[in-house]
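Below: the structure, in structure tokens.
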Amino acid sequence: MKPYRRRLRRCTKKLEGFLRDNFPLGKPVTVRWAKALPFSADEAKEMRISEEQRKHGCFGYCTTTEGKFRIQISERNDSLFLATDTLMHEWAHALDARVGRVEECRGDYHDASFWITFGNIKRVVFEALKAGDLDWNEVYYD
Ligand SMILES: [Zn+2]
């Protein structure tokens, strides 16, 4: 694995620990990286996106089955900001408890309730950054 990829994983894992402590989900959650999370041909047609966008796919998504959450993050998130932002975004979906396979670009699950939840996560993360409890260089800056 390339050093930069290792760094993204290490930093994202650290943020995951912060989220587990500060925003417990009340159910088991796994966070995994995927090479890519492409959309299906049908999804791409419905979303009216190009073949290139279809292959790029989601930044991440969150699903839930049998009382567990599963968050996937795409390795196509090629900056620390994108990777950590995606993790916070998907964590907000899990907290909001309304998750789905294809929600990133369609926006079905991005209503006021979601954005309030996401905003609250970002507020707490920013407060921790300002207080020095999290490191800016491990959350935002490459
Ligand atoms: Zn989303």
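Each residue of the sequence shown is one higher than the one before, counting from 671 in this note's numbering.
Idealized CB from N, CA, C, for every residue including glycine.
Source: prediction; values computed, not measured.
Cα-Cα separation between residue i and residue j, rounded to whole angstroms
i    : j    : result
L630 : I719 : The structure shown has nothing for residue 630, since the chain only spans 671 to 812.
I791 : E721 : 33 Å
G730 : I743 : 4 Å
C728 : A706 : 8 Å
D805 : A798 : 8 Å
Y674 : R746 : 13 Å
Y779 : R702 : 21 Å
A782 : G789 : 10 Å
W785 : M671 : 34 Å
N807 : F751 : 10 Å
K800 : R677 : 22 Å
F796 : G687 : 15 Å
M717 : A711 : 10 Å
F739 : A767 : 9 Å
A690 : H726 : The question names Ala, yet the displayed sequence has Arg at residue 690. When rounded, the distance between both Cα atoms is 28 Å.
K715 : D803 : 44 Å
R680 : A704 : 15 Å
Contact check, residue i vs residue j, beta carbons under 8 Å
i    : j    : result
C732 : E760 : yes
L765 : L685 : no
A753 : T700 : no
R724 : P698 : no
V853 : N692 : Examination of residue 853 is not possible in this model, given that the chain is present from 671 through 812 alone.
T787 : A762 : yes
Counted within 10 angstroms of its Cβ, other Cβ atoms place residue i as buried (16 or more) or exposed
i    : result
D748 : exposed
D812 : exposed
D755 : buried
Cutoff 8 Å: residue i Cβ touching any chain D Cβ
i    : result
R746 : Here there is only one protein chain, and chain D is not present.
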